[in-house]
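Comments concern the structure below.
Residue numbers (the working numbering): 1151 to 1374.
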């Protein structure tokens, strides 16, 4: 068993850092310039990975614009400010050491410093694991919420597309109907025009001008 697998079996939500080649392959179709279908598939896979861990004592904050309010997430998971400060202190101590410092030496320095501050190591470990669990729970909860939104949106889009199809069909039907009406009426006009042509344009013009129910065509250019 590798260290990565052992850590994953020890801490719920342990994040495995990929090497550059693996990370590039994973990112190729996952939410970074990929298609909406590919992004949705990634989210669906994350939502279906496993049930959301029951780590929250109160409702976690709703993310706004992809920003995470970490303190509020940890607070919702029951991790108080004191616990968070202890984890932060350990992080600061680690980051303050030179990168070339051997790991065993780093461990000795950090543990000695924390003990000097009166901070129990086990308490830091417990708080750190609790933070990772809370973050994993937050990821999965939002993945499940996003998946539910995607499914509802997909259903809505399908309904709208069906409605649009019906509207287009209605438009096409009405256009065909109008074309039929125009063709039929123009055919009938030709029949009547033969009668009027028989009597002559002068007689027809006189009757049109004198009749209160007939309308004379506008003069050419009158509506310009």
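From the three backbone atoms N, C-alpha and C, an ideal C-beta is built for every residue, glycine too.
In the DSSP assignment, residue 1214 forms a beta bridge with 1217.
For residue 1342, the enclosing alpha helix (DSSP H) begins and ends at 1271-1349. Residue environment: residue 1226 is assigned as buried (16 or more neighbouring CB atoms within 10 Å of its CB, all protein chains considered). Assignment of residue 1363 by DSSP, reduced to helix, strand and coil, places it in the coil class. Below 8 Å, too few C-beta pairs join the region 1201-1210 and the region 1270-1278 to call them touching: fewer than three. The beta carbons of residue 1286 and residue 1224 sit no closer together than 8 Å. Between residue 1222 and residue 1211 the beta-carbon gap is near 4 Å, inside 8 Å, which marks them as a contact. Straight-line measurement puts the Cα of residue 1260 at about 14 Å from the Cα of residue 1249. Per DSSP, reduced to three states, the secondary structure at residue 1250 is coil, with no helix or strand assignment.
In summary, residue 1319 is exposed, with fewer than 16 beta-carbon neighbours lying within 10 Å of its beta-carbon over all protein chains present. When C-alpha distances from residue 1267 are compared across 1360, 1255 and 1239, the shortest belongs to 1239. When secondary structure is reduced to three states using DSSP, residue 1260 falls in the helix class. Spatial neighbours of residue 1219 in its own chain (CB-CB distance under 6 Å, excluding positions within 5 residues in sequence) are listed in chain order as 1211. Straight through space, the alpha carbons of residue 1289 and residue 1299 are spaced by roughly 15 Å. At least 8 Å separates the beta-carbon of residue 1352 from that of residue 1359. An exposed status is given to residue 1209, since fewer than 16 other beta-carbon atoms sit within 10 Å of its beta-carbon. For residue 1264 against residue 1256, the beta-carbon gap comes to about 12 Å, at or over 8 Å, which does not count as contact.
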